[in-house]
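So the structure is just underneath, and the comments pick up after that.
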Amino acid sequence: MNIYTVSMRRLYQLCLAHALLLLFFFFLGFTATTISPATEKEILLQFKANISKDPYNSLANWVPSGNPCDYNGVFCNPLGFVQRIVLWNTSLSGVLSPALSGLRSLRILTLFGNKFTSNIPQEYAGLSTLWKINLSSNALSGSIPEFIGDLQNIRFLDLSRNGYSGEIPFALFKFCYKTKFVSFSHNSLSGSIPASIANCTNLEGFDFSFNNFSGDLPSGICDIPVLEYMSLRSNVLTGSVLEEISKCQRLRFLDLGSNLFTGLAPFEIIGSQNLSYFNVSHNAFQGEISAMRTCSESLEFFDASSNNLDGEIPLGITNCKSLEFIDLGFNRLNGSIPAGIANLERLLVFKLGDNSIQGTIPAEFGSIEWLLLLDLHNLNLSGEIPKDISNCRFLRELDVSGNALDGEIPNTLDNLTSLEVLDLHRNQLDGSIPETLGSLSNLKLLELSQNNLSGTIPYSLGKLANLKYFNVSSNNLSGPIPSIPKIQAFGTASFLNNSGLCGVPLDISCSGGGNGTGNGSNKNKVLSNSVIVAIVAAALILTGVCVVSIMNIRARSRKKDNVTTVVESTPLDSTDSNVIIGKLVLFSKTLPSKYEDWEAGTKALLDKECLIGGGSIGTVYRTTFEGGVSIAVKKLETLGRIRSQDEFEQEIGLLGNQLLDWNSMNYGTGSMNEPKWNEKSNPLIQCSLREAPCSSSCKVEWKITELSVSISNASKIEAVAAVAQQVPSRGNDF
């Protein structure tokens, strides 16, 4: 019995021990399922407590009474533990809470597009379960945490668009066997790219663009067998890349643009099967573009602009049927544009400006239906702009400036209804500006300066409501600038060096037309009042001139005998007289017609025996010609020294106004019954001076002899005459 009792007691104790043990494990399990979620809730609430601004109330349901798995942006695994926190583009401000390091099941932390500052807490080194960290587009700063290199499960690391500086830690890629993508773009990182990146044997892509990395491209980087994406754009990397890049046969995306790479560009990789994006622009690559015998069927983007490339554009580029973007501008390429470009039916952008390309613009461009941008500026192209370009109905920008293109601007460009930029300046285009350009309602820039365009500025251009830039300077345009505020607002510089242009904003007024009212479709508009008045006035003046002319003709036909004869005399053969006759102006019904009559008559002029009277102004003489014509001459007293024809005519004019009122003359006894002249005349004004020969010992001075005479002592005077007298001066020799 004692043995049995002892055995039963031991059995009872053993069962009790097992029961207690089971109860203990049950208690532990209950604690795990009830306490852990509550702890993670506290961790998340601590994260919320570090948020200073939540403009969109993204964390509004993060409350103590709620279930953390129901919090906005929080995702739990089947066991109820937090596995993902995804709060992107919510503009949260604050700092990252170190408490998140307590989330032992956290795999994904995505907080991009917020405003977190400071840096990633060191405590996150304990998050060994993390697969993905995306903190891009925040305001984090400092150095990239080195402890990230110890997180062996990291697949995706994106710290782009922050304020990180310094170098990439070498240890960052110590345990990166599972890492597939890394991005540090748009920071301020410097130094060289660590060669340890080659340890990331499963790396599919990296983006270190827009930093200040320097040095060479790390060797062995293309030994990564699955590398498909490489972006090193906008750094200061140097050296040659041809050998290394040529080994990256799986690349889909290659961007080496805006660095200082030299040597030959890695064009051979274009033949690889997967490449879709190729950019080596803005470097110092030299040499020719390779023949491109083969081309990736996936290649869509090809940019080799702004290098020192020479040679011709390879014809093989036309085999790249999927190309949508080609930019070979700002190089030293020569030759011509391959006509086979038309085979690139998917082409959207073609840029070739600033090269030495010659030839013409291929009309085949017109068959590329989806073309959006055609840039052929600053080449050596000649010929005309092909009208086929008008078939590119989706074209937004056409720049063929800086060439030697001639001919007229195609009047079919109005088919380009999407056109926003039309730059044709600095060519040799002639003809007029097409009216149809006014139909390009989306046009923002119209640059036509430095050509040979003529005609007027079309009034239709005033319909271009979206126009921001307009220039037609340095052409042969004429006429008024359309008086449209939209056109005139572009200022004087847009219209300079057109000799025929007038109107606002130029300081050249339009004659009789103000500032102009345009042309073209407005030629038939109603004329302004000022123009009508000007036309009527001109018509009245023309009518008056015609009437006066007719009256003069009729008067002359009725008074054929009243002829004015101007006779130029010769010097007198008198030694005791200093008089030299200049010109005689005779008014008479019958005058001598032979030279001999004049010669006989002038010899008797001013002879003392012919004196017939005198007065307060001067002395009157009479002479008779052989033809029986008597002439009375009045010799005036000296009126001063006259040295020129103008002074002579001015003085005669004054005398004529004072003396020659023929209606007040006395004839015979002073009767007014027998006047021989019935009209007012001023024969003196027709007198002129003729400088007579003079020896070197005299100065020439002039006295005036005019023809006004009182007839009281001179009956049967048939004519009156004016005589110019030359008097030698006794002054100093010349």
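In the UniProt record's numbering, the protein residues as written are 1 to 734.
Glycine included, each C-beta is placed from N, C-alpha and C at the ideal position.
Range covered by the alpha helix (DSSP H) that runs through residue i
i, result
"Ile385", "No alpha helix (DSSP H) contains Ile385, which DSSP labels as neither H nor E."
"Ile487", "Pro485 to Gln488"
Expected contact under 8 Å - CB spacing of residue i and residue j to nearest Å
i, j, result
"Ile108", "Lys132", "5 Å"
"Asn331", "Ser305", "7 Å"
"Ser246", "Pro218", "Between Pro218 and Ser246 the Cβ distance is about 15 Å, and since that is not below 8 Å, they are no contact."
"Pro145", "Asn119", "7 Å"
"Ser473", "Ala489", "Actually they do not touch by this definition, with Cβ atoms about 15 Å apart."
"Ser52", "Gly94", "4 Å"
"Asn199", "Cys176", "6 Å"
"Ser143", "Phe173", "With a Cβ gap of about 15 Å, Ser143 and Phe173 do not count as contacting."
"Asn466", "Asn498", "Not confirmed; about 24 Å, so no contact."
"Gly366", "Ile389", "6 Å"
"Glu397", "Leu373", "5 Å"
"Phe170", "Glu204", "Contact flag wrong, Cβ pair sits at about 22 Å."
"Gly263", "Gln286", "7 Å"
Nearest candidate by alpha-carbon position, reference residue i, set the options
i, options, result
"Pro386", "Phe156, Gly311 and Pro362", "Pro362"
"Glu369", "Glu384, Asn391 and Ile357", "Asn391"
"Asn319", "Asn307, Glu288, Phe285 and Gly271", "Gly271"
"Thr39", "Ser93, Ala60, Ser105 and Asn476", "Ser105"
"Glu167", "Phe181, Gln152, Gly191 and Asn153", "Gly191"
"Leu333", "Leu348, Leu376 and Leu371", "Leu376"
"Ser101", "Ser298, Thr90 and Glu42", "Glu42"
"Lys115", "Phe81, Asp406 and Gly163", "Gly163"
"Leu419", "Glu408, Phe210, Leu542 and Asp399", "Asp399"
"Asp406", "Phe181, Ser432, Glu312 and Pro458", "Ser432"
"Gly455", "Gly479, Ser549 and Leu371", "Gly479"
"Asp414", "Ser441, Asp430 and Glu397", "Ser441"
"Lys468", "Leu443, Pro458, Gly329 and Asp430", "Leu443"
"Glu324", "Ser234, Leu371 and Met551", "Leu371"
"Glu300", "Gly215, Leu347, Glu268 and Phe394", "Leu347"
"Phe156", "Thr179, Leu395 and Asp507", "Thr179"
"Ser231", "Pro78, Leu542, Ser296 and Asn211", "Asn211"
Own chain partners of residue i with C-beta closer than 6 Å, once the 5 adjacent residues on each side are dropped
i, result
"Val563", "The pLDDT assigned to Val563 is 38, lower than 50, so where the model puts this residue is not dependable; a value taken from the coordinates is nonetheless given after this. Result list for Val563: empty, nothing under 6 Å."
"Gly316", "Ala291, Met292 and Arg293"
"Asn411", "Pro434 and Thr436"
"Phe470", "Leu446, Phe490 and Ser494"
"Asp303", "Asn279, Ser281 and Asp327"
"Leu111", "Leu87 and Leu135"
"Asn378", "Gly353, Asp354 and Gly402"
"Asp423", "Asp399, Ser401 and Glu447"
"Ser137", "Phe112, Gly113 and Arg161"
"Ser258", "Arg233, Ser234 and His282"
"Asp158", "Asn134, Ser136 and Ser183"
Residue i: first and last residue of the uninterrupted beta strand (DSSP E) it sits in
i, result
"Ile51", "Ile51 to Lys53"
"Ile326", "Phe325 to Asp327"
"Leu309", "Asn308 to Asp310"
"Asn61", "From DSSP, Asn61 is part of no beta strand (DSSP E); its letter is neither H nor E."
"Asn153", "That residue, Asn153, is in no beta strand (DSSP E); it is neither H nor E in DSSP."
"Ser165", "Gly163 to Gly166"
"Phe302", "Phe301 to Asp303"
"Glu288", "Gln286 to Glu288"
"Phe253", "Phe253 to Asp255"
"Asn279", "Tyr277 to Asn279"
"Gly500", "Gly500 to Cys502"
Contacts around residue i, its chain only, beta-carbon distance under 7 Å, and the 5 residues preceding and following it disregarded
i, result
"residue 805", "Since the displayed the chain opens at 1 and closes at 734, residue 805 lies outside it and no answer follows."
"Ser336", "Ile357, Gln358 and Gly359"
"Gly462", "Pro482, Ile484, Lys486 and Ile487"
"Leu59", "Lys48, Ile51 and Asn72"
"Asp150", "Ala125 and Phe175"
"Val241", "Leu217, Leu256, Phe261 and Pro266"
"Ser298", "Asn274, Leu275, Ser276 and Ser322"
"Glu384", "Leu405, Asp406 and Gly407"
Close Cβ partners of residue i (< 8 Å) along its chain, the five nearest in sequence each way excluded
i, result
"Leu45", "Trp62 and Pro64"
"Ala404", "Asn380, Leu381, Ser382, Asn427 and Gln428"
"Leu260", "Val236, Leu237, Thr238, Asn283 and Ala284"
"Leu189", "Ile144, Tyr164, Ser165, Gly166, Glu167, Ile168, Phe208, Asn211, Asn212 and Phe213"
Within-7 Å CB hit, residue i to chain C
i, result
"Pro338", "Annotation note: the requested chain C is absent from the structure, which comprises a single protein chain."
Task: Contiguous alpha helix (DSSP H) assignments of at least 4 residues, all confined to the segment 73-148 - done: none
- [ ] Let me know the alpha helix (DSSP H) ranges lying completely inside the segment 170-250, each 4 residues or longer, listed in chain order.
- [x] 242-245
Task: Segments assigned beta strand (DSSP E), at least 3 residues, entirely inside the UniProt domain "Disease resistance R13L4/SHOC-2-like LRR" (320-477) - done: 325-327, 349-351, 373-375, 397-399, 421-423, 445-447 and 469-471
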